[in-house]
Amino acid sequence: MVSSDGSFELGFFSPGNSKNRYVGMWYKKITVTTVVWVANREVPLTNKSGVLKVVDPGLLVLLNNTNGGIIWSSNTSRHVKTPVGKLLDSGNLVVKDANDDDTGNFLWESFNYPTDTILSGMKFGWNYKTGLEVYLSSWKSKDDPSSGDFTVHFDPTGYPQRVLKRGSVVLFKSGPWNGLRFSGTPNLRKNTFYKFEVVLNKNEAYYTYELLDRSIISRVTLSESGVAQRLIWIAEMNEDVVLGILIETRTAARMSARPD
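Number 146 in UniProt numbering belongs to position 146 of the sequence shown; there are no gaps in the numbering.
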């Protein structure tokens, strides 16, 4: 499955040297396979018999085609007559009514269940009405996308800030939001690549960003070593370049190296 503008592709892949297979999403227009989301990160397929499909009442399911067993499934609280899956140009995989494009009526969307990457337009934080927290969880290793040691959360209590954790232990806080940026990350400031904001109201509390030029390929990612950073793809170099560190590298590395 490919988004209509050709930016993102959904399919099966095996990371690194692993023989396990996963349903994932990656950038379509760059030469290096860069996975930004994984569906069945905790339950891999061990063969090539997987099938991804939408079934009543509006669930996206990954089936083992050999025995029909469910490997992974989305969730939904509503039923619609004609549920379909669609990969949006933003990289958001959604399940919706085929006849309803209202974003508020999506049955399920991958933007609510990220793995290690924040894409443009994603709301990173809390939905108070549903109780859902959107947060990042690192891969275990480059060969294993299952949940690793590190997570990054948006903490809305008091003065909102981003928090890096290893398990339940807080390793780093970004400093409170001062209306312009997080005080502990001075490199997060206005620029020509993207704009960002923090939204706080009775229904939601989240950080989000928007790319100012859709031709730019940039993302926020949490590495398996616990470093959260913004990367931008440079086609001439055929690689990602670090645009900014969101979690202070030396502090996170030093604290994560402490014995448990």
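By construction, the Cβ of each residue, glycine as well, lies at the ideal position given by its N, Cα and C atoms.
In whole angstroms, what separates the C-alpha of residue i from that of residue j?
i, j, result
"residue 268", "Glu236", "This structure gives no information on residue 268, because the portion of the chain shown stretches from 1 to 260."
"Leu132", "Gly125", "8 Å"
"Gly158", "Phe111", "26 Å"
"Leu93", "Arg166", "28 Å"
"Thr208", "Asn127", "13 Å"
"Asn203", "Lys129", "6 Å"
"Arg214", "Thr192", "12 Å"
"Asn105", "Lys96", "7 Å"
"Ile70", "Leu180", "45 Å"
"Arg78", "Met122", "22 Å"
"Asp89", "Glu42", "26 Å"
"residue 262", "Lys81", "Nothing about residue 262 can be reported from this structure: the residues present for the chain run from 1 to 260 only."
"residue 268", "Leu211", "Not covered by the structure: residue 268. The range shown for the chain is 1 to 260."
"His153", "Arg162", "6 Å"
"Met255", "Pro156", "Caution applies to Met255, whose pLDDT of 44 falls short of 50 and renders its modelled position unreliable; the value that the coordinates give is listed next. Approximately 23 Å between the Cα atoms of the pair."
"Gly85", "Val54", "7 Å"
Determine which residues share a DSSP beta bridge with residue i and list them.
i, result
"Phe111", "None; Phe111 has no bridge partner."
"Asn127", "Leu132 and Glu204"
"Thr151", "Ser137 and Lys165"
"Asn64", "Gly50"
"Val170", "Lys165"
"Glu197", "Thr208"
"Met237", "Answer by DSSP bridge pairing: none, since Met237 is not bridged."
"Pro160", "DSSP, once it has assigned bridges, lists no residue as partnering Pro160."
"Arg41", "Its beta-bridge partners do not exist; DSSP assigns none."
"Gly85", "Val95"
"Ile70", "Leu63"
"Arg230", "Val220 and Gly244"
"Met25", "Leu10 and Trp37"
"Val2", "Glu9"
With distance defined between alpha-carbon atoms, name the residue in the options nearest to residue i.
i, options, result
"Ser18", "Trp108, Asp143, Phe182 and Leu119", "Asp143"
"Gly14", "Gly6, Ser7, Val84 and Val23", "It should be noted that the sequence gives Ser, not Gly, for residue 14. For Ser14, the nearest C-alpha among the options comes from Val23."
"Leu59", "Lys140, Asn47, Trp72 and Leu164", "Trp72"
"Ala205", "Thr151, Pro160 and Ile216", "Pro160"
"Tyr135", "Ser146, Asp116, Ser120 and Gly148", "Asp116"
"Thr46", "Lys28, Phe12 and Ser74", "Phe12"
"Glu9", "Leu222, Thr34 and Asn20", "Thr34"
"Met25", "Pro83, Gly148, Phe182 and Leu119", "Leu119"
"Thr66", "Gly175, Ser49, Leu246 and Pro57", "Ser49"
"Arg219", "Ser7, Val54, Val36 and Val80", "Val36"
"Gly91", "Asp5, Pro176 and Ser146", "Asp5"
"Thr185", "Gly244, Asn20 and Glu109", "Gly244"
"Ser223", "Ile232, Asn20, Phe150 and Leu171", "Phe150"
"Asn40", "Ser146, Pro83, Lys28 and Val32", "Ser146"
"Thr31", "Ile234, Val242 and Trp177", "Ile234"
Buried or exposed: residue i, going by 16 or more other Cβ atoms within 10 Å of its Cβ?
i, result
"Asp100", "exposed"
"Gly226", "buried"
"Leu62", "buried"
"Leu107", "buried"
"Val2", "exposed"
"Pro114", "buried"
"Ser168", "exposed"
"Leu200", "exposed"
"Arg21", "buried"
"Asp56", "exposed"
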